[in-house]
Amino acid sequence: MCTGISLKSLEGNHYLGRTQEYNVEFDYVGVQIPKKIEITESIEKWETIYSVLGIGIKESQQKVAQSVIDGVNECGLGGITQYFAEFNHYSSVEEIKKAGKLPLIAEQFVFWVLANCKNTQEIEEKILDVAIVDLSVKGKAPGLPQHFMFTDATGRTIVVEPSIKLGFVVYENPVGVMTNSPKFDWHLTNLENYTGLSDENAKDALFHDHKILSAGKSSGMHGIPGDYTATSRFVRAAYLLKFSDPVGEKDIINKAFHILSTSDIVKGVVKLDEPKGEDRQYTQYTSIYDLSKRQMYIKMYDNFTIQTIHFDEIAGNEDQIKIYELVKIPQYEDLN
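Positions 1235 to 1570 (the working numbering) are the ones given, in order, by the sequence shown.
The structure is reproduced here in structure tokens:
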């Protein structure tokens, strides 16, 4: 699952946020991966050009994966990855190499883009030389079906979908929303079914001499879908972005968290046909990136206190990944 949004402050700065829903629990940490380091946890080794700040996964007490699930690089390019079941088109290592391209694992694609591209234009150029392989990070299972959204410092937002053989389809994203399957262009077309939604209350109606009262406050939004399907979450996020008040830097992080909270899944509400312990999908965290300040804000499922991590110029030039432990237990402020 997962819901992503891109938004702009009154000052003209740009932000990218997402919810992370999954049924397998990971030890999430903040990471800053330096530039000019070799990435070996991949099909073929490659080197980072730009430093990347984002959410990583801790694999042991001393080891973190060489990747990010979502993040921002030193140029102010932000990226997120989300599930894309049934519509992804991955290829074998042999097919990709035969085409003269670099094979990438789906779970590392966002990281590769952020570590190699300074803006969305460069993404379009450089992804011509790569393709996603049908393997997971460990190389023992099929790769997770993924698609991706990126926003750069200018505010341009694109969706990149590996839905064609040995390549990608790139969409301009005029609404600043991405969820999951089906393909992005279908979601845009589906918004046509909801053009009657309004931020104003519906008016009363008169049937001959009989007055029918409207449903009252918020009746203009009657019919906005409220379930957790990808199609419904897309519509909900798109119209909340459209109707919510424009705000400045002081309030926009709060606004983004409020919009994304409408997609929050409580444990036990969404059950999967998976082994016990992996049969509950829920919102594990919500992250928001200030692309101009290159700063991350994150809220965990069990800890609503917003934690922040700033891009560190020194860490960006070191030779080791910097790890930031996230507080995952509830925190309360005692007022008496």
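Even for Gly, the Cβ is constructed at its ideal location relative to N, Cα and C.
query, result
"Residue environment, residue 1505, which counts as buried when at least 16 other CB atoms sit within 10 Å", "exposed"
"Residue 1353 and residue 1304 closer than 7 Å at C-beta", "no"
"For residue 1433, the nearest candidate out of 1468, 1449, 1477 (CA to CA)", "1477"
"Between the CA atoms of residue 1312 and residue 1542 - distance to the nearest angstrom", "16 Å"
"Three-way DSSP call (helix, strand, coil) for residue 1510 in this model", "coil"
"Length of the line joining the Cα atoms of residue 1471 and residue 1268", "33 Å"
"Where the beta strand (DSSP E) through residue 1252 begins and ends", "1248 to 1256"
"Sequence-distant residues of the same chain with beta carbon closer than 7 Å to residue 1283, five excluded per side", "1269, 1349, 1350"
"Beta-carbon proximity check, residue 1254 vs residue 1518, cutoff 7 Å", "yes"
"Beta-carbon gap between residue 1251 and residue 1494 smaller than 7 Å", "yes"
"Per DSSP, the bridge partner or partners of residue 1336", "1364"
"Reduced DSSP secondary structure (H/G/I, E/B, other) of residue 1499", "coil"
"Helix, strand or coil at residue 1321 according to DSSP, with G and I counted as helix", "coil"
"CB of residue 1402 within 7 Å of CB of residue 1361, strictly", "yes"
"Local Cβ density within 10 Å of residue 1561, reported as buried at 16 or more and exposed below that", "exposed"
"Simplified DSSP state of residue 1473, which is helix, strand or coil", "helix"
"Contact set for residue 1512: own chain, Cβ-Cβ below 8 Å, skip 5 residues either direction", "1257, 1258, 1506"
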